[in-house]
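Novice: Chains as they are written, first to last, in the working numbering: chain A, 1 to 110; chain B, 1001 to 1112.
Cβ coordinates follow ideal geometry from the N, Cα and C atoms, glycine included.
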């Protein structure tokens, strides 16, 4: 079973920030938080990952709470092309399998 | 551009037949994983290969098997196909698990 809990769906207006929450209350000290997204009919796309510090790249920012029991993926200026299913996954460095839950379906509208 | 190419994109097979799906990864991607995604569900881990040896397996029966080759290509073989094997099959590879996996666009298998 997935170790994460995400809302089923979220809506966001184009140009606004999309904040996608994820709960991972049973995360272990050596487990990373990864985010992937899947646009319809395509394979999942890696977005970002982190251990305990906040991370930012060209796609998104990842904010992890101090107790590491939850995190938020931030898309700073959502576009229509960001409409997708977003998956939050926890895995340790030695882990072989990405355990996908049902993710959050983000709908961006104009 | 994904860097991971899967073939064929679509395939229809009859129950009981065997199928081979192929994946070509980027140079240096020593780790390759295969996933099955049923309609409306998240991908499920089938198995992973590292340097041509299986090093992890999900809850799939032995009729699901794989191979990884030195040229960074790999195969997923499924014997005795069942109707429930109808799904999108995804290949994912990485040079280092710290960097995240690159997924292909998948092969849509339909078993009739």
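For residue 1074 of chain B, go through chain A and note every residue whose CB falls closer than 9 Å to its CB, in chain order.
Specialist: Residue 1074 of chain B sits at position 74 when you count from the first residue of the second chain. By Cβ distance, chain A contributes nothing, its closest Cβ being about 15 Å from residue 1074 of chain B, past 9 Å.
Novice: What's the gap between the Cα of residue 1045 of chain B and the Cα of residue 1112 of chain B?
Specialist: The residue labelled residue 1045 of chain B in the question sits at position 45 within the second chain. The residue labelled residue 1112 of chain B in the question sits at position 112 within the second chain. Going from the Cα of residue 1045 of chain B to the Cα of residue 1112 of chain B covers about 23 Å.
Novice: Would you say residue 96 of chain A faces chain B, with C-beta separation under 8 Å as the test?
Specialist: In the first chain, counting from the first residue as 1, residue 96 of chain A sits at position 96. So, interface residue.
Novice: Out of A:75, A:103, A:52, which one is the CA nearest neighbour of residue 1040 of chain B?
Specialist: Translated into the one-based positions of the second chain, residue 1040 of chain B becomes position 40. When each option's Cα is compared against that of residue 1040 of chain B, the closest is A:103.
Novice: Could you compute how far the alpha carbon of residue 1001 of chain B sits from the alpha carbon of residue 1059 of chain B?
Specialist: Against the second chain, residue 1001 of chain B aligns to sequence position 1. Against the second chain, residue 1059 of chain B aligns to sequence position 59. Low per-residue confidence applies at residue 1001 of chain B: pLDDT is 44, beneath 50, and the placement is therefore not dependable, though the value from the model is reported in the following sentence. Each residue's Cα considered, the two are about 31 Å apart.
Novice: In angstroms with no decimal places, state the Cα-to-Cα distance between residue 1065 of chain B and residue 1032 of chain B.
Specialist: Here residue 1065 of chain B is taken as the residue at index 65 of the second chain, counted from 1. Here residue 1032 of chain B is taken as the residue at index 32 of the second chain, counted from 1. When rounded, the distance between both Cα atoms is 13 Å.
Novice: Quick one: is residue 94 of chain A buried, meaning 16 or more other Cβ sit within 10 Å of its Cβ, or exposed?
Specialist: The residue given as residue 94 of chain A occupies position 94 in the first chain. By the neighbour-count rule (16 or more Cβ atoms within 10 Å), residue 94 of chain A is not buried but exposed.
Novice: Kindly say whether residue 3 of chain A, judged by its beta-carbon, lies nearer than 8 Å to any beta-carbon of chain B.
Specialist: Within the first chain, residue 3 of chain A is the residue found at index 3, counting from 1. No, residue 3 of chain A does not count as interfacial toward chain B.
Novice: Could you round the C-beta distance between residue 1027 of chain B and residue 1004 of chain B to whole angstroms and report it? I think they count as a contact, below 8 Å.
Specialist: Position 27 of the second chain, counted from the first residue, corresponds to residue 1027 of chain B. Position 4 of the second chain, counted from the first residue, corresponds to residue 1004 of chain B. Rounded, the Cβ-Cβ distance is 12 Å, inconsistent with contact.
Novice: Can you pull the chain A neighbours of residue 1043 of chain B, defined as C-beta to C-beta under 7 Å?
Specialist: If you number the second chain from 1, residue 1043 of chain B lands on position 43. Ordered by position in chain A, the residues that pass the 7 Å Cβ test against residue 1043 of chain B are 44, 100.
Novice: By the 7 Å beta-carbon criterion, what residues does the region 1045-1064 of chain B contribute toward chain A?
Specialist: Only 1045, 1048, 1055, 1056, 1058 from the region 1045-1064 of chain B bring a Cβ to less than 7 Å from some Cβ of chain A.
Novice: Which one of A:71, A:96, A:109, A:110 has the shortest CA to CA distance from residue 21 of chain A?
Specialist: Your numbering for residue 21 of chain A matches position 21 in the first chain. Of the candidates A:71, A:96, A:109, A:110, the one whose C-alpha sits nearest the C-alpha of residue 21 of chain A is A:71.
Novice: Using the Cα positions of residue 27 of chain A and residue 1014 of chain B, report the straight-line distance between them to the nearest angstrom.
Specialist: Against the first chain, residue 27 of chain A aligns to sequence position 27. Against the second chain, residue 1014 of chain B aligns to sequence position 14. Rounded to the nearest angstrom, the two C-alpha atoms are 43 Å apart.
Novice: Residue 86 of chain A touches chain B at which residues, Cβ-Cβ below 9 Å?
Specialist: Position 86 of the first chain, counted from the first residue, corresponds to residue 86 of chain A. Under a criterion of Cβ atoms nearer than 9 Å, no residue of chain B is adjacent to residue 86 of chain A; the nearest Cβ is some 11 Å distant.
Novice: On the CB-based measure, 16 or more other CB atoms within 10 Å of its CB, does residue 1101 of chain B come out buried or exposed?
Specialist: Taking the second chain and counting its residues from 1, the one referred to as residue 1101 of chain B is at position 101. Counting Cβ neighbours within 10 Å, residue 1101 of chain B comes out buried, since at least 16 surround it.
Novice: Suppose contacts are defined by Cβ-Cβ distances below 8 Å. Is residue 1109 of chain B in contact with residue 1085 of chain B by that definition?
Specialist: For the purposes of this step, residue 1109 of chain B is taken as the residue at position 109 of the second chain. For the purposes of this step, residue 1085 of chain B is taken as the residue at position 85 of the second chain. Yes, they are a contact pair.
Novice: Per DSSP, what kind of secondary structure is residue 1001 of chain B in: helix, strand or coil?
Specialist: Here residue 1001 of chain B refers to the residue found at position 1 when the second chain is read from its first residue. Legend: pLDDT at residue 1001 of chain B = 44, less than 50; position of this residue unreliable, no value from coordinates given.
Novice: Check whether the Cβ of residue 1090 of chain B lies closer than 8 Å to any Cβ atom in chain A.
Specialist: On the second chain, position 90 is the one that residue 1090 of chain B refers to. For residue 1090 of chain B, the answer is yes, since a Cβ of chain A falls inside 8 Å of its Cβ.
Novice: Thinking residue 1107 of chain B and residue 1006 of chain B are a contact (beta carbons under 8 Å), I'd like their distance in whole angstroms, please.
Specialist: The residue given as residue 1107 of chain B occupies position 107 in the second chain. The residue given as residue 1006 of chain B occupies position 6 in the second chain. Contact flag correct, Cβ pair sits at about 5 Å.
Novice: Tell me, please, whether the CB atom of residue 1030 of chain B is closer than 8 Å to any CB atom in chain A?
Specialist: In the second chain, counting from the first residue as 1, residue 1030 of chain B sits at position 30. No - not a single Cβ of chain A is within 8 Å of the one on residue 1030 of chain B.
Novice: Does the Cβ of residue 96 of chain A have 16 or more other Cβ atoms within 10 Å, making it buried, or fewer, making it exposed?
Specialist: For the purposes of this step, residue 96 of chain A is taken as the residue at position 96 of the first chain. By the 10 Å Cβ count, residue 96 of chain A comes out buried.
Novice: Does the beta-carbon of residue 1069 of chain B have 16 or more other beta-carbons within 10 angstroms, so that it is buried, or is it exposed?
Specialist: Here residue 1069 of chain B refers to the residue found at position 69 of the second chain. Under this definition residue 1069 of chain B is an exposed residue.
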